[in-house]
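Yeah, the sequence shown ends on 386 if you go by the working numbering, and it's all consecutive. Glycine is no exception: its CB is placed at the ideal position from the N, C-alpha and C atoms.
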Amino acid sequence: MFCRLTAWIACSLLVATAACAQTAQTSDSPGAAGATASPFVAGNLSTTPKWGESWTELSLQKSGLTASAYHAVLLGRYKETGYTRELWRVQWRPNDPVDLYVVLPDGVVKPPVVLYLYDYYFDTERFRSDVWCRQATQGGFAAVGFVSELSGERRHAPRPMKEWFVSNLQETLATTTHDVEMILNYLGSRGDIDVSRAGMYGQGSGGAVAVLAASADPRIVALDLLNPWGDWPDWLKESPELHADERADYLKPQFLRDVSGLDPVSYLPHLKLKALRIQQIMDDPETPAAARERMAAAAPQREDVVQYKDTLAHLNAWRQDGLSGWMQKQLRGTTETASSAR
């Protein structure tokens with residue numbers, strides 16, 4: 045709960061300086077040739093679209109959003125040995141710009157992409173890390189990072205402080221799922237990334253969104269999930285992430301009905317993917333045991349679930365595969381290097 049308060053304070057400070065950030069070069073701007081607006085590409089808005097978004101439909105076609113209508117502005121580009129990191133501000137709904145970190149490996153023609161969506165209390169700081177960028181692009185993959193609706197930098201005025209990812213769970217699940225689909229549309233319009241063979245890493249709340257997005261968008265062919273949320277009745281009843289004085293609101297019949305059609309437990313058995321891994325750390329405090337068990341039982345195959353006794357056991361496994369090792373193994377053979385293209 046403390047992380048929710050500190051995240052809100054940090055994001056409030058970021059919003060206070062947002063106007064300056066859009067006109068000045070960001071910390072990612074060394075080497076950028078005028079990090080203002082990029083040349084308009086297909087899909088950029090020229091007029092304000094009619095807006096209205098469904099929180100019950102996962103498919104972008106039925107969401108009310110216009111799949112090709114978005115703003116995309118380059119805020120900064122940073123060239124480092126081995127990769128180039130770009131910071132884009134994209135937007136397709138009012139008052140909700142999304143900061144998108146696009147990291148491209150050197151020497152790869154149209155690499156496949158892996159999207160990264162972490163738990164609701166994380167911001168975008170890790171995407172600016174040189175270590176993260178190197179690990180994420182190792183092996184010739186593009187990496188794209190962002191945060192969920194009402195999370196990190198996207199939790200700001202005019203929203204009241206009491207609103208966060210879970211308080212508006214139906215909205216945040218649906219709109220962030222639409223975000224994933226819109227992000228893939230934007231990435232596909234660039235011409236330098238292959239979105240037809242995308243992978244997605246999701247942690248916690250990001251894992252729940254990843255399942256929903258994969259069910260709605262066939263371009264996502266591999267999922268790597270760490271402690272994904274799901275089984276809303278049990279999760280909302282028992283997760284320590286919720287304050288005692290607010291839990292009753294989330295157990296009201298109307299709230300549970302609203303999110304019942306957005307439960308990853310219902311979508312997991314029907315996913316048609318090239319690869320799926322559900323990593324569960326058994327002493328993870330966020331996830332109640334009942335919810336963890338139902339998520340594991342919903343996996344299409346038992347071997348899709350990997351359980352670790354504790355955080356240390358997971359860390360030891362992570363040291364072998366690193367940030368993206370498992371995902372790269374699933375998508376391996378799909379990259380085309382510049383040298384082989386010649």
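Enclosing beta strand (DSSP E) for residue i [first to last residue]
{"i": "Ser233", "result": "Segment 213 to 234 is the alpha helix (DSSP H) holding Ser233; no beta strand (DSSP E) there."}
{"i": "His115", "result": "115 to 124"}
{"i": "Trp208", "result": "Element bounds for Trp208: n/a, residue is neither H nor E."}
{"i": "Gly151", "result": "Careful: Gly151 lies outside any beta strand (DSSP E) and carries neither H nor E."}
{"i": "Arg133", "result": "127 to 135"}
{"i": "Leu306", "result": "Premise fails: Leu306 is in no beta strand (DSSP E) and is neither H nor E."}
{"i": "Arg321", "result": "319 to 325"}
{"i": "Leu269", "result": "264 to 270"}
{"i": "Val188", "result": "186 to 189"}
Limits of the unbroken alpha helix (DSSP H) element including residue i
{"i": "Ala242", "result": "First-last for Ala242: 238 to 247, but that is the beta strand (DSSP E), not the alpha helix (DSSP H)."}
{"i": "Gly366", "result": "It is not in any alpha helix (DSSP H) - Gly366 carries neither H nor E in the DSSP assignment."}
{"i": "Gln351", "result": "No alpha helix (DSSP H) holds Gln351; the beta strand (DSSP E) holding it covers 349 to 352."}
{"i": "Ala340", "result": "333 to 342"}
{"i": "Gln182", "result": "From DSSP, Gln182 is part of no alpha helix (DSSP H); its letter is neither H nor E."}
{"i": "Asp278", "result": "276 to 282"}
{"i": "Asp293", "result": "288 to 294"}
Classification of residue i by the beta-carbon crowding that lies within 10 angstroms, buried from 16 upward
{"i": "Asn139", "result": "exposed"}
{"i": "Ser103", "result": "exposed"}
{"i": "Asn271", "result": "buried"}
{"i": "Ser304", "result": "exposed"}
{"i": "Val175", "result": "exposed"}
{"i": "Pro313", "result": "exposed"}
{"i": "Pro332", "result": "buried"}
{"i": "Ser173", "result": "exposed"}
{"i": "Arg363", "result": "exposed"}
{"i": "Gly189", "result": "buried"}
{"i": "Asp163", "result": "buried"}
{"i": "Leu367", "result": "buried"}
{"i": "Leu109", "result": "buried"}
{"i": "His287", "result": "exposed"}
{"i": "Leu267", "result": "buried"}
{"i": "Arg198", "result": "buried"}
{"i": "Gly196", "result": "buried"}
{"i": "Asp236", "result": "exposed"}
{"i": "Asp261", "result": "buried"}
{"i": "Asn229", "result": "buried"}
{"i": "Ala258", "result": "buried"}
{"i": "Arg376", "result": "exposed"}
{"i": "Asp278", "result": "buried"}
{"i": "Arg121", "result": "buried"}
{"i": "Arg129", "result": "buried"}
{"i": "Ala180", "result": "buried"}
{"i": "Leu408", "result": "An answer regarding residue 408 cannot be provided, because it is not within the stretch 45 to 386 covered by the chain."}
CB of residue i within 8 Å of CB of residue j, strictly
{"i": "Pro156", "j": "Arg241", "result": "yes"}
{"i": "Glu330", "j": "Glu285", "result": "yes"}
{"i": "Leu217", "j": "Leu256", "result": "yes"}
{"i": "Tyr127", "j": "Arg178", "result": "yes"}
{"i": "Met244", "j": "Trp136", "result": "no"}
{"i": "Leu119", "j": "Trp132", "result": "yes"}
{"i": "His222", "j": "Ser107", "result": "yes"}
{"i": "Val134", "j": "Val142", "result": "yes"}
{"i": "Val239", "j": "Arg263", "result": "yes"}
{"i": "Phe209", "j": "Ser192", "result": "yes"}
{"i": "Asp302", "j": "Gln214", "result": "yes"}
{"i": "Leu161", "j": "Val253", "result": "yes"}
{"i": "Leu280", "j": "Leu295", "result": "yes"}
{"i": "Asp354", "j": "Asp327", "result": "yes"}
{"i": "Leu315", "j": "Pro344", "result": "yes"}
{"i": "Lys318", "j": "Val265", "result": "yes"}
{"i": "Ala361", "j": "Tyr352", "result": "yes"}
Distance between beta carbons of residue j and residue i, contact taken as under 8 Å
{"i": "Ile325", "j": "Asp348", "result": "About 16 Å separates the two Cβ atoms, so there is no contact after all."}
{"i": "Glu97", "j": "Thr219", "result": "7 Å"}
{"i": "Val224", "j": "Leu159", "result": "7 Å"}
{"i": "Tyr145", "j": "Thr125", "result": "About 18 Å; that fails the 8 Å criterion."}
Notebook entry, point to check: Any chance the stretch 244 to 251 sits against the stretch 272 to 280, with 3 or more Cβ pairs inside 8 Å?
Noted result: yes
Notebook entry, point to check: Touching or not, the stretch 288 to 306 and the stretch 330 to 350, by the rule of three or more beta carbon pairs under 8 Å?
Noted result: no
Checklist line | Three or more C-beta pairs below 8 Å linking the stretch 364 to 375 and the stretch 180 to 196 | finding: yes
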